[in-house]
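Residue numbers (my numbering), protein chains in the order written: chain A, 257 to 828; chain B, 48 to 525.
Even for Gly, the Cβ is constructed at its ideal location relative to N, Cα and C.
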Ligand SMILES: Cc1cc2nc3c(=O)[nH]c(=O)nc-3n(C[C@H](O)[C@H](O)[C@H](O)COP(=O)(O)O)c2cc1C
Ligand code: SF4
Ligand code: SF4
Ligand code: SF4
Ligand code: FES
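Below you can see the structure in the form of structure tokens.
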């Protein structure tokens with residue numbers, strides 16, 4: 257995986273100084289300064305200008321989010337600048353245009369700033385020859401083991417060789433041999449023979465993660481990527497190196513040999529492992545998830561995600577997923593039922609509950625839409641509500657201390673206390689005192705919160721929706737099987753108040769169905785709410801009802817999400 | 048009669064001349080420094096005043112001094128590029144990494160007259176308002192490092208270095224840093240990386256021009272040992288007088304290292320452009336001619352990375368007369384004046400001033416194989432064309448020198464080499480490794496083709512397969 261389109265210089269306000277350059281004969285205006293890898297303004301480079309002109313410059317070592325290294329030389333272009341006379345004034349052609357002096361030397365587009373009236377040439381025979389030369393050099397010592405390489409299909413060496421390379425290599429010598437299948441750390445395998453020494457992985461690890469763990473040893477063509485001696489390569493971001501490795505040198509142990517990438521369907525989704533809400537793509541085939549890879553979102557995660565979040569998908573496919581609608585017999589024991597019967601029973605049960613006798617414990621892993629519907633139900637029932645906090649440790653990069661993906665949503669809907677869980681003792685007290693007779697639990701194991709099984713057994717009704725079995729689901733009177741986020745659509749609001757949507761990648765298991773659908777029916781029965789016309793309509797209705805969402809619509813969220821209009825005070 | 052002109056090496060080889068401060072002082076040592084710091088500010092016709100430091104910079108500019116490290120770039124101009132407005136300190140580094148094969152001049156200065164280098168450095172630092180400087184010395188010269196450290200200690204003791212140099216209020220510290228044995232540490236930005244404690248990976252330019260973003264991202268001057276020594280003489284005699292030495296645009300003196308098949312290999316200091324290649328090789332004052340019965344085959348004029356000259360080559364070269372008019376002259380190889388511009392015009396360069404002479408007993412293929420092996424071993428491996436190309440060429444030449452040649456190998460080598468230089472690489476090592484191959488193969492093509500043909504015929508006779516099924520030369524991992 258290698259997502260590395262050059263950051264096109266953003267069209268700034270008109271006050272931004274700009275200059276005109278020509279790319280392959282086409283004049284274009286670019287700002288003098290464009291964001292560098294850290295987003296700081298820096299002189300616009302040739303590669304950024306080319307990108308803005310819609311001209312792709314092939315590159316290996318350049319990555320818009322990493323410091324420039326300039327080592328692969330794939331991006332070499334030819335260029336010219338206005339010719340100056342002895343008086344240092346530009347010389348004009350007979351037709352009054354600027355005379356351009358072509359530079360005798362090429363320049364690397366990734367590092368060379370543009371200057372006014374510069375002309376960049378990317379299609380000249382000289383450029384073609386330089387690209388062929390670089391590719392030939394990169395391939396002479398490459399093992400060419402594409403048939404068994406995980407990168408095949410998303411390999412820049414394959415791609416560029418087809419697009420810019422020569423048909424045959426002239427190489428008649430023996431290849432350099434280097435270590436293969438190096439166990440670099442707990443999550444990565446390195447094949448040094450495939451490495452093209454672009455140093456992306458080194459720069460990412462050193463300059464983004466701040467862990468100077470990778471480096472080259474030896475010299476010249478024997479240069480070899482390795483990790484710090486005696487210390488496995490192990491930080492929470494190592495797998496990003498496999499993403500940015502332009503070839504198959506770094507591969508994820510988790511994904512190795514699992515699936516050819518061209519068979520994978522990619523679905524835009526979100527990580528649910530913490531409140532940052534890193535954007536990702538789910539790679540799936542035939543309703544099985546094979547991998548998560550980060551999806552670029554400047555406002556959230558850049559191009560990266562943490563290893564823990566990335567590898568946290570196995571539960572979706574667990575065999576013991578809850579897949580049946582169940583009701584408890586009055587005399588004990590389970591009865592498998594169907595949705596109409598289950599929802600009718602739950603609706604009736606809740607309709608009978610006396611005001612003030614219901615408590616609702618929601619999960620901040622549920623979507624905004626689900627939490628919205630729950631809050632409507634809670635209002636109707638006069639229920640005590642809260643959600644369950646998941647505190648963890650934040651790091652310096654992406655991981656945040658809030659391990660729920662949607663605490664903000666839960667708070668904005670008025671379902672959860674601030675801080676999350678502050679109401680839980682009151683709910684517990686109500687349960688113990690007998691005041692609370694009906695408990696609704698969505699996606700949490702309340703026995704872990706100190707609600708003893710005996711207490712649950714005493715209640716009139718325990719209505720539970722969940723994905724995986726827990727002591728609470730075992731004690732439920734009504735069990736509503738729910739969906740993993742990968743099986744439904746919806747939105748989360750991250751800790752910074754960014755509302756982001758995710759799409760459905762795989763089908764739900766068995767009878768499990770998206771909670772927002774279940775809740776829509778319960779809300780229709782209990783609150784008289786109408787049909788929303790799918791998730792889009794539900795989101796739009798929520799945005800009309802909840803002030804913080806004012807002005808947002810499902811379609812306005814786009815791929816990158818949108819910020820809540822009201823600032824959300826952070827949790828202490 | 049051509050003769051040496053010893054300016055920098057004036058005393059170095061005198062009997063009894065020792066590398067200590069006391070001896071240096073007896074020979075008028077540090078007189079140039081004392082003279083410079085005593086200068087008064089000068090008022091120009093336009094009313095501006097020039098600080099003494101600026102005056103010395105002006106003298107260096109006027110002297111026409113060109114760098115002796117390899118590129119021959121104007122020293123005064125280099126100094127003028129230094130970003131003096133950045134608010135950051137300016138550093139100076141003496142490049143004493145001398146590793147270009149064939150070159151052995153800087154070490155003469157370091158070993159025999161270290162204080163001359165220090166005086167040149169102190170002057171250069173003072174002129175550029177530098178307060179911290181380094182001598183980056185090649186790792187394989189521990190004796191030189193020791194001598195320099197001794198000299199530094201002596202200079203500090205004598206108030207020539209440290210706080211308040213010679214009572215002027217100017218502070219300067221100089222440290223010796225030893226390299227760890229890599230040719231690429233001589234490339235100025237590789238050197239800076241190495242000095243900062245990293246692999247000597249040369250930096251990309253732009254943006255990392257040393258004059259702006261050098262050592263620790265501060266403006267930095269990197270000069271060769273010999274260049275810095277010349278500054279001392281310019282301070283002493285004045286830029287104009289120095290410019291009278293040598294020839295126009297090729298001023299001063301240069302120490303030429305002569306090695307190879309000559310009777311008197313060694314180092315010789317000459318006025319730039321006042322002696323010819325032929326004189327350097329043949330004259331009894333210099334190389335002293337070839338051994339009996341030998342004929343000249345080839346000369347590398349500027350260290351192993353310079354393009355080779357073939358005996359008998361003739362060149363048409365534009366030369367500027369005293370009146371400034373350009374005339375086209377035809378010159379024989381041996382009549383080429385040994386200077387910067389002529390050798391460039393003749394398609395090579397004077398580089399580090401190292402003349403490598405090869406007579407007709409030389410196996411030219413083996414000679415190139417030897418050079419290619421060096422560059423394959425020394426390429427830092429950072430950028431693709433040089434990293435892969437240098438080893439590819441060395442492997443092809445290993446094959447050609449081990450009986451596995453092919454008739455197409457000359458062309459094959461040329462094609463590899465053509466994809467490396469001309470700005471395709473991060474640093475000039477790309478040129479350094481490809482120029483020898485390009486020039487050897489072009490000028491001695493018959494030697495390469497003959498070797499390939501002979502190998503093919505011998506293999507055919509022995510019943511080995513066609514040239515495409517080669518038994519490949521083993522590639523030892525370095
Ligand atoms: C591969 C390579 C090796 C070099 N090695 C040396 C060296 O050993 N000594 C040196 O003075 N300059 C060396 N140079 C030149 C330096 O980069 C730099 O130009 C020089 O030190 C500047 O000093 P000068 O202007 O006084 O000549 C080398 C350049 C290259 C490209
Ligand atoms: S492992 Fe991949 S990312 Fe790292 S240097 Fe090699 S090719 Fe580049
Ligand atoms: S930082 Fe948080 S949201 Fe991002 S990948 Fe890691 S756990 Fe998931
Ligand atoms: S040209 Fe050669 S020595 Fe210079 S940076 Fe590139 S690989 Fe290193
Ligand atoms: S992309 Fe510019 S040198 Fe690698």
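Ligand 2 and residue i: does any heavy atom of the ligand fall closer than 6 Å to the residue's C-beta?
| i | result |
| --- | --- |
| residue 453 of chain A | yes |
| residue 473 of chain A | no |
| residue 324 of chain A | no |
| residue 501 of chain A | yes |
| residue 506 of chain A | yes |
What is the DSSP secondary structure of residue i, reduced to helix, strand or coil?
| i | result |
| --- | --- |
| residue 259 of chain A | Residue confidence is low: residue 259 of chain A scores 43 on pLDDT, short of 50, so the model does not pin down where it sits. No coordinate-derived value is stated. |
| residue 801 of chain A | helix |
| residue 808 of chain A | coil |
| residue 439 of chain A | strand |
| residue 63 of chain B | coil |
| residue 339 of chain B | coil |
| residue 515 of chain B | Note that residue 515 of chain B scores a pLDDT of 49, beneath 50, so its modelled location is shaky and nothing firm can be said. |
| residue 342 of chain A | coil |
| residue 214 of chain A | For chain A, the structure presents residues 257 to 828; residue 214 of chain A sits outside this window and is missing. |
| residue 301 of chain A | strand |
| residue 593 of chain A | strand |
| residue 306 of chain B | strand |
| residue 513 of chain A | coil |
| residue 754 of chain A | strand |
| residue 426 of chain B | coil |
| residue 526 of chain A | strand |
Are the beta-carbon atoms belonging to residue i and residue j less than 7 Å from one another?
| i | j | result |
| --- | --- | --- |
| residue 452 of chain A | residue 394 of chain A | yes |
| residue 229 of chain B | residue 247 of chain B | yes |
| residue 565 of chain B | residue 448 of chain B | In the structure as shown, chain B begins at 48 and stops at 525. Residue 565 of chain B is therefore absent and cannot be evaluated. |
| residue 249 of chain B | residue 237 of chain B | yes |
| residue 761 of chain A | residue 742 of chain A | yes |
| residue 315 of chain B | residue 303 of chain B | yes |
| residue 548 of chain A | residue 566 of chain A | yes |
| residue 433 of chain B | residue 487 of chain B | no |
| residue 419 of chain A | residue 380 of chain A | no |
Just to check, is the beta-carbon of residue i closer than 6 Å to a non-hydrogen atom of ligand 4?
| i | result |
| --- | --- |
| residue 418 of chain B | no |
| residue 241 of chain B | no |
| residue 362 of chain A | no |
| residue 472 of chain B | yes |
| residue 231 of chain B | yes |
Could you tell me whether any non-hydrogen atom of ligand 5 is closer than 6 Å to the CB of residue i?
| i | result |
| --- | --- |
| residue 505 of chain B | no |
| residue 306 of chain A | no |
Please find out if some non-hydrogen atom of ligand 3 comes closer than 6 Å to the beta-carbon of residue i.
| i | result |
| --- | --- |
| residue 558 of chain A | no |
Inset, instruction - Let me know the alpha helix (DSSP H) ranges lying completely inside the region 641-690 of chain A, each 4 residues or longer, listed in chain order. - result: List check, alpha helix (DSSP H) in window: 663-668 and 680-689.
Legend entry - the region 179-194 of chain B touching the region 220-227 of chain B, judged by at least three CB pairs closer than 8 Å: A contact is defined here as three or more CB-CB pairs under 8 Å, and the region 179-194 of chain B meets this definition with respect to the region 220-227 of chain B.
Inset, instruction - Could I get the ranges of all uninterrupted alpha helix (DSSP H) runs contained in the region 379-403 of chain A, with 4 residues as the minimum, in chain order? - result: At a cut-off of 4 residues, the continuous stretches assigned as alpha helix (DSSP H) that sit fully inside the region 379-403 of chain A are 381-396.
Inset, instruction - Would you be able to state if there are at least three C-beta pairs under 8 Å between the region 364-382 of chain B and the region 98-118 of chain B? - result: No, they do not touch.
Legend entry - beta strand (DSSP E) segments (min. 3 residues) lying fully within the region 197-250 of chain B: For the region 197-250 of chain B, whole beta strand (DSSP E) runs of length 3 or above, ordered along the chain, are 220-225.
Legend entry - the region 369-379 of chain B contacting the region 273-284 of chain B, beta-carbon criterion three pairs below 8 Å: The region 369-379 of chain B and the region 273-284 of chain B do not touch, with fewer than 3 CB-CB distances between them shorter than 8 Å.
Inset, instruction - Give a yes or no on contact between the region 458-472 of chain B and the region 417-424 of chain A, applying the rule of three or more CB pairs nearer than 8 Å. - result: These segments do not touch.
Inset, instruction - Report yes or no: do the region 353-366 of chain A and the region 406-422 of chain A share at least 3 C-beta pairs separated by less than 8 Å? - result: Segments in contact, no.
Inset, instruction - Identify every run of the beta strand (DSSP E) within the region 113-199 of chain B, keeping only runs that are complete inside it and at least 3 residues long; order them along the chain. - result: Fully contained in the region 113-199 of chain B are the following beta strand (DSSP E) runs of length 3 or more, in chain order: 138-143 and 179-184.
Inset, instruction - Only counting runs of 4 or more residues, tell me where the alpha helix (DSSP H) segments fall wholly within the region 759-786 of chain A, in order along the chain. - result: Fully enclosed alpha helix (DSSP H) runs of no fewer than 4 residues occupy 771-783 of the region 759-786 of chain A, in order along the chain.
Inset, instruction - Let me know the beta strand (DSSP E) ranges lying completely inside the region 591-625 of chain A, each 3 residues or longer, listed in chain order. - result: Segments of the beta strand (DSSP E) lying fully in the region 591-625 of chain A: 614-618.
Legend entry - the region 640-654 of chain A touching the region 608-616 of chain A, judged by at least three CB pairs closer than 8 Å: Judged by Cβ distances under 8 Å, the region 640-654 of chain A makes contact with the region 608-616 of chain A, as three or more pairs qualify.
Legend entry - the region 210-220 of chain B / the region 67-87 of chain B touching (three or more Cβ pairs under 8 Å): With a cut-off of 8 Å on Cβ pairs, the region 210-220 of chain B is in contact with the region 67-87 of chain B, counting three or more such pairs.
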